[in-house]
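Engineer:
Numbering (the numbering used here), first residue to last: 1 to 77.
1) Tell me the residue span of the alpha helix (DSSP H) that contains residue 45.
2) DSSP three-state call for residue 6: helix, strand or coil?
3) My assumption, with CB atoms under 8 Å, is that residue 19 sits in contact with residue 49. Please give the rounded CB distance.
4) Should residue 14 go down as buried or exposed, given a rule of 16 or more other Cβ atoms within 10 Å for buried?
5) Whose CA, out of 12, 34, 11, lies closest to the CA of residue 56?
6) In angstroms, rounded to a whole number, what distance separates the CA positions of residue 17 and residue 38?
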């Protein structure tokens, strides 16, 4: 939902409509992935709809830059 339209129940209404659609097709569960640090309040929206955290994942990233020799990197550096 675009920023200026948030906090009006639109996101929850859309989510509940989608979940109902799955229910009508006899789908017994629905899973999704979300950025837990999302500034949009996505996690709270899903919890408000009755969803709960089943698993958490950590994602690691390393920016590879020219000129950095990775074979000489010390543990903890």
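The beta-carbon is built from N, C-alpha and C at its ideal position, and this holds for glycine as well.
Structural biologist: Checking against the coordinates, here is how it stands:
1) If you look at residue 45, you'll find it in the alpha helix (DSSP H) that goes 42-48.
2) The three-state reading of DSSP puts residue 6 in coil, since its state is none of H, G, I, E or B.
3) The C-beta distance from residue 19 to residue 49 rounds to 7 Å, short enough to fall under 8 Å.
4) That one is exposed.
5) Checked all of 12, 34, 11; the closest Cα to residue 56 is 34.
6) Between residue 17 and residue 38, the C-alpha separation is close to 22 Å.
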